[in-house]
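Down below is the structure, laid out as structure tokens.
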Amino acid sequence: MAAVPDGQIESDSEKETKPDVLNDGAGNITGTSTGVLSSPPNAASSATGDTKPVAPPGAEDQQTLIAVLQYLRKNNLLESVDILRREAGLSDNADDSQGADGSSLGSGGNADESGGANSLLNRVSIATPAAPVPAAPIKDDQPDVNVVLSAYSQKGDTALYETYYTGLKNFIESVLDCHRAELSQLFYPLFVHMYLELVYNNHEQEAKAFFEKFSGDQECYYRDDLRVLSAVSKREHMRGNETLLDFRTSKFVLRISRDSYQLLKRHLQERQNNQIWNIIQEHLYIDIFDGMPRSKSQIDSMSGSLAGETRREANKVKVFYGLLKEPEIEVPLDEEDEEAENEEGKPKKKKPKKDSLGNKSKKQDPNAPQQTRIPLPELKDSDKLDKIMNMKEATKRIRLNADTLPSICFYSFLNAYQGLTAVDVADDSSLIAGGFADSTVRVWSVTPKKLRRVKSAADLNMIDKESDDVLERIMDDKTASELKVMYGHSGPVYGVSFSSDRNYLLSSSEDGTVRLWSLQTYTCLVGYKGHNYPVWDTQFSPYGYYFISGGHDRVARLWATDHYQPLRIFAGHLADVTCTRFHPNSNYVATGSADRTIRLWDVLNGNCVRIFTGHKGPIHALAFSPNGKFLASGATDGRVLLWDIGHGLMIGELKGHTDTIYSLKFSRDGEILASGSMDDTVRLWNAARAFDEVETDDFTATTGHIHLPDNSQEMLLGTYTTKSTPVIHLHFTRRNLLLAAGAYNPQ
Numbered sequence: 006m007a008a009v010p011d012g013q014i015e016s017d018s019e020k021e022t023k024p025d026v027l028n029d030g031a032g033n034i035t036g037t038s039t040g041v042l043s044s045p046p047n048a049a050s051s052a053t054g055d056t057k058p059v060a061p062p063g064a065e066d067q068q069t070l071i072a073v074l075q076y077l078r079k080n081n082l083l084e085s086v087d088i089l090r091r092e093a094g095l096s097d098n099a100d101d102s103q104g105a106d107g108s109s110l111g112s113g114g115n116a117d118e119s120g121g122a123n124s125l126l127n128r129v130s131i132a133t134p135a136a137p138v139p140a141a142p143i144k145d146d147q148p149d150v151n152v153v154l155s156a157y158s159q160k161g162d163t164a165l166y167e168t169y170y171t172g173l174k175n176f177i178e179s180v181l182d183c184h185r186a187e188l189s190q191l192f193y194p195l196f197v198h199m200y201l202e203l204v205y206n207n208h209e210q211e212a213k214a215f216f217e218k219f220s221g222d223q224e225c226y227y228r229d230d231l232r233v234l235s236a237v238s239k240r241e242h243m244r245g246n247e248t249l250l251d252f253r254t255s256k257f258v259l260r261i262s263r264d265s266y267q268l269l270k271r272h273l274q275e276r277q278n279n280q281i282w283n284i285i286q287e288h289l290y291i292d293i294f295d296g297m298p299r300s301k302s303q304i305d306s307m308s309g310s311l312a313g314e315t316r317r318e319a320n321k322v323k324v325f326y327g328l329l330k331e332p333e334i335e336v337p338l339d340e341e342d343e344e345a346e347n348e349e350g351k352p353k354k355k356k357p358k359k360d361s362l363g364n365k366s367k368k369q370d371p372n373a374p375q376q377t378r379i380p381l382p383e384l385k386d387s388d389k390l391d392k393i394m395n396m397k398e399a400t401k402r403i404r405l406n407a408d409t410l411p412s413i414c415f416y417s418f419l420n421a422y423q424g425l426t427a428v429d430v431a432d433d434s435s436l437i438a439g440g441f442a443d444s445t446v447r448v449w450s451v452t453p454k455k456l457r458r459v460k461s462a463a464d465l466n467m468i469d470k471e472s473d474d475v476l477e478r479i480m481d482d483k484t485a486s487e488l489k490v491m492y493g494h495s496g497p498v499y500g501v502s503f504s505s506d507r508n509y510l511l512s513s514s515e516d517g518t519v520r521l522w523s524l525q526t527y528t529c530l531v532g533y534k535g536h537n538y539p540v541w542d543t544q545f546s547p548y549g550y551y552f553i554s555g556g557h558d559r560v561a562r563l564w565a566t567d568h569y570q571p572l573r574i575f576a577g578h579l580a581d582v583t584c585t586r587f588h589p590n591s592n593y594v595a596t597g598s599a600d601r602t603i604r605l606w607d608v609l610n611g612n613c614v615r616i617f618t619g620h621k622g623p624i625h626a627l628a629f630s631p632n633g634k635f636l637a638s639g640a641t642d643g644r645v646l647l648w649d650i651g652h653g654l655m656i657g658e659l660k661g662h663t664d665t666i667y668s669l670k671f672s673r674d675g676e677i678l679a680s681g682s683m684d685d686t687v688r689l690w691n692a693a694r695a696f697d698e699v700e701t702d703d704f705t706a707t708t709g710h711i712h713l714p715d716n717s718q719e720m721l722l723g724t725y726t727t728k729s730t731p732v733i734h735l736h737f738t739r740r741n742l743l744l745a746a747g748a749y750n751p752q
């Protein structure tokens with residue numbers, strides 16, 4: 006596989022120190038990124054992952070800032086300390102003189118007034134806050150979690166919490182229908198934060214009564230979150246609970262029309278309900294838009310994630326979703342074409358057809374990135390031959406539509422129930438790989454051609470390297486078999502991916518590693534270590550060389566095959582990264598997470614350029630359309646959602662599955678979308694119609710949402726049920742035959 010000369014993605018101008026990924030309080034990346042790493046990532050480097058940029062911080066934020074800076078200094082992450090200080094607006098000679106309100110941290114002033122401490126870092130080193138705050142002191146050995154949770158201080162009579170919540174509930178239920186749906190979004194985040202305040206201030210009985218009375222009023226898709234919340238009944242339970250810390254440090258985003266917001270504000274001011282108003286100000290981010298309030302169905306289709314909806318500005322960055330221009334390769338005529346030409350002495354119509362195929366992408370797509378935006382490996386002769394074969398296959402491809410559905414070939418893995426954990430099929434459909442719970446990776450040939458290893462070094466020395474069939478001679482026929490088993494992982498294998506040239510295979514495992522296997526020797530070439538916990542998924546770039554991985558540590562990592570360290574770390578998800586996919590032009594990667602969001606990341610600079618919310622459960626399947634313009638996602642909620650990448654909006658919802666969707670795949674021409682589920686079915690959807698019916702005029706910048714028609718049954722072209730086999734992988738061949746795979750489940 007060809008290597009990029011310098012092995013790095015950024016240009017020379019970008020090789021300067023880059024700031025760590027920071028969170029804006031709603032789980033959104035604020036335009037900063039991690040650069041190419043010079044050393045293996047330290048677990049502590051994610052300490053700033055959920056830190057809000059503060060300028061200037063208040064007393065409570067000051068305590069949080071001190072704790073984070075102290076932790077970074079203890080782990081010798083001085084670069085991150087400098088970055089965080091800059092993000093907080095503190096200069097090197099900044100003092101911490103108090104402002105007029107006695108709580109703000111200034112970035113200027115006289116250094117002598119700070120008692121000899123010339124900067125915030127000096128104060129951190131002695132762990133002495135400038136102003137007293139009602140929180141436990143910071144110890145030298147570790148930052149106290151109380152610093153982060155200190156905002157849950159008692160600000161009112163706990164006996165009135167139930168009264169406050171009931172009063173707001175009665176008000177919302179009494180307003181006009183057009184406002185009720187929007188204001189009802191407040192129930193869940195207010196319920197959680199009021200409950201946590203009661204728990205934090207040691208009012209266990211009041212908290213229990215509050216939970217029992219109002220938990221049933223919350224939306225059904227928050228059921229799992231409420232189950233986690235119900236286990237937190239004492240203050241000490243809050244220590245180390247990542248879900249609660251996420252909720253505390255990431256502002257819950259609500260999208261509300263201006264009229265509804267004014268109605269709420271007027272009510273709280275009239276009732277002087279400062280308790281609820283303080284929670285809204287401190288823990289919620291209300292994204293106000295001008296226009297008509299949204300309906301209940303519109304709100305439900307976009308809500309459900311851990312951090313609420315996406316801020317509209319998070320999806321305003323331009324995305325180059327177009328395809329890169331294909332290299333100009335002349336496609337030779339087949340033998341039958343040459344014979345037909347010789348018979349009549351004139352070129353046949355097939356020839357210009359194939360020439361046009363070879364040069365079909367001569368025009369640059371206006372939405373495509375620059376060809377050199379990221380360095381891609383140069384095409385080898387074998388790659389060019391493979392592209393020629395691909396173009397020839399394309400001439401024989403069946404054009405799919407609502408009247409011409411694909412044939413489906415299903416591969417059932419017998420005696421592998423609960424043992425088969427991952428499947429992938431090579432691009433030319435000649436190989437199929439499986440990851441198993443017994444830590445093995447297995448590769449099968451699905452063609453008459455058997456799998457062979459390269460000969461030993463001694464035998465290779467005897468081969469004539471100048472012969473035309475040298476690639477055939479180096480293979481050892483004695484090792485030919487239909488199956489190869491590869492050992493190396495020390496835990497279940499959860500993800501496998503073939504390289505585009507079929508020379509390599511990636512696998513990710515519970516053991517926290519990603520392994521690169523040679524399909525010439527069927528041995529492990531490299532073990533990539535960087536994830537601290539199980540790695541749920543990995544995938545090769547369409548152009549090879551780069552690959553992406555995501556795991557339980559909540560981050561996705563971008564790698565290159567010739568670097569043992571990741572090139573990028575994509576941090577921002579609030580839960581496990583469960584699935585990863587490269588965009589067809591390799592300039593972007595999509596990640597699906599258990600936090601019920603999908604994020605699109607820019608490979609060049611590491612920025613998060615799209616955040617999609619709408620799923621009600623962990624996301625397990627992603628698929629880009631062949632033209633790169635659309636994205637399909639599937640989750641445990643059994644829904645397939647369609648997204649327009651350019652506009653950053655949901656444009657379709659396909660309902661029908663009754664269980665988790667584990668695989669999505671577009672046909673090679675993008676006309677059909679296939680979905681495979683744990684409900685033992687493969688469903689075919691009319692993707693072309695779903696995309697064609699979306700008018701750009703429907704996109705409204707004010708609400709950031711369009712009306713989704715409930716036309717799933719019209720889009721469904723066919724449902725194909727297996728006897729008892731959950732479908733965990735789908736693949737369209739180059740001629741648009743659909744391959745499906747799963748492990749037979751004996752009843």
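Just so you know, we're using our numbering here: the sequence shown kicks off at 6 and counts up by one. Virtual Cβ for every residue (Gly too), placed ideally from N, Cα, C. Predicted model only: the values in this text are computed from it and were never measured.
Where the beta strand (DSSP E) containing residue i begins and where it ends
{"i": "TYR193", "result": "From DSSP, TYR193 is part of no beta strand (DSSP E) but of the alpha helix (DSSP H) over 192–205."}
{"i": "ARG378", "result": "Where ARG378 is concerned, there is no enclosing beta strand (DSSP E), given that its DSSP letter is neither H nor E."}
{"i": "SER472", "result": "Element bounds for SER472: n/a, residue is neither H nor E."}
{"i": "ARG520", "result": "518–523"}
{"i": "ILE437", "result": "436–441"}
{"i": "ILE603", "result": "602–607"}
{"i": "LYS670", "result": "666–671"}
Reference residue i; option with closest CA among the options
{"i": "THR618", "options": "TYR509, ALA312 and ALA576", "result": "ALA312"}
{"i": "ASP481", "options": "MET491, GLU487, GLU471 and ASP464", "result": "ASP464"}
{"i": "SER306", "options": "GLU658, ASP685, ASN741 and LEU678", "result": "GLU658"}
{"i": "TYR492", "options": "ASP506, ALA485, ARG520 and LEU476", "result": "ARG520"}
{"i": "MET683", "options": "PRO731, THR248 and PHE257", "result": "PRO731"}
{"i": "ASN590", "options": "VAL324, PRO298 and GLY309", "result": "VAL324"}
{"i": "GLN379", "options": "TYR551, GLU209 and ARG244", "result": "Residue 379 is actually Ile in this sequence, not Gln. Nearest C-alpha to ILE379: TYR551."}
{"i": "HIS536", "options": "SER546, GLY517 and VAL451", "result": "GLY517"}
Neighbourhood of residue i by C-beta distance below 6 Å, restricted to the same chain and skipping five residues each side
{"i": "ALA580", "result": "SER598, ALA599 and ASP600"}
{"i": "LYS489", "result": "VAL448, LEU456 and TYR527"}
{"i": "TYR749", "result": "SER417, LEU419 and THR730"}
{"i": "LEU605", "result": "TYR593, ALA595, VAL614 and ARG615"}
{"i": "SER502", "result": "ASP429, LEU511, THR543, GLN544 and PHE545"}
{"i": "GLU676", "result": "LEU405, ASN406 and ALA693"}
DSSP-derived helix/strand/coil call for residue i
{"i": "SER546", "result": "coil"}
{"i": "ASN278", "result": "coil"}
{"i": "GLU331", "result": "coil"}
{"i": "ALA748", "result": "strand"}
{"i": "ASP429", "result": "strand"}
{"i": "VAL86", "result": "helix"}
{"i": "ILE650", "result": "coil"}
{"i": "ASP482", "result": "strand"}
{"i": "MET307", "result": "helix"}
Neighbour-count burial assignment, residue i, 16 or more Cβ in a 10 Å radius
{"i": "LEU530", "result": "exposed"}
{"i": "HIS625", "result": "buried"}
{"i": "GLY221", "result": "exposed"}
{"i": "THR528", "result": "exposed"}
{"i": "MET467", "result": "exposed"}
{"i": "VAL197", "result": "buried"}
{"i": "GLU348", "result": "Its pLDDT being 46, under 50, GLU348 is placed unreliably in this model, and the coordinates cannot settle the point."}
{"i": "HIS662", "result": "buried"}
{"i": "LYS256", "result": "buried"}
{"i": "ALA640", "result": "buried"}
{"i": "LYS385", "result": "exposed"}
{"i": "LYS483", "result": "exposed"}
Range covered by the alpha helix (DSSP H) that runs through residue i
{"i": "TYR166", "result": "166–179"}
{"i": "THR254", "result": "247–254"}
{"i": "GLU489", "result": "The amino acid at residue 489 is misidentified as Glu; the sequence shows Lys. No alpha helix (DSSP H) holds LYS489; the beta strand (DSSP E) holding it covers 488–491."}
Near the ligand ZN: residue i beta-carbon under 7 Å from a heavy atom
{"i": "ASP482", "result": "The ligand ZN is not part of this structure, which contains no ligands at all."}
Own chain partners of residue i with C-beta closer than 7 Å, once the 5 adjacent residues on each side are dropped
{"i": "ASP388", "result": "ASP506"}
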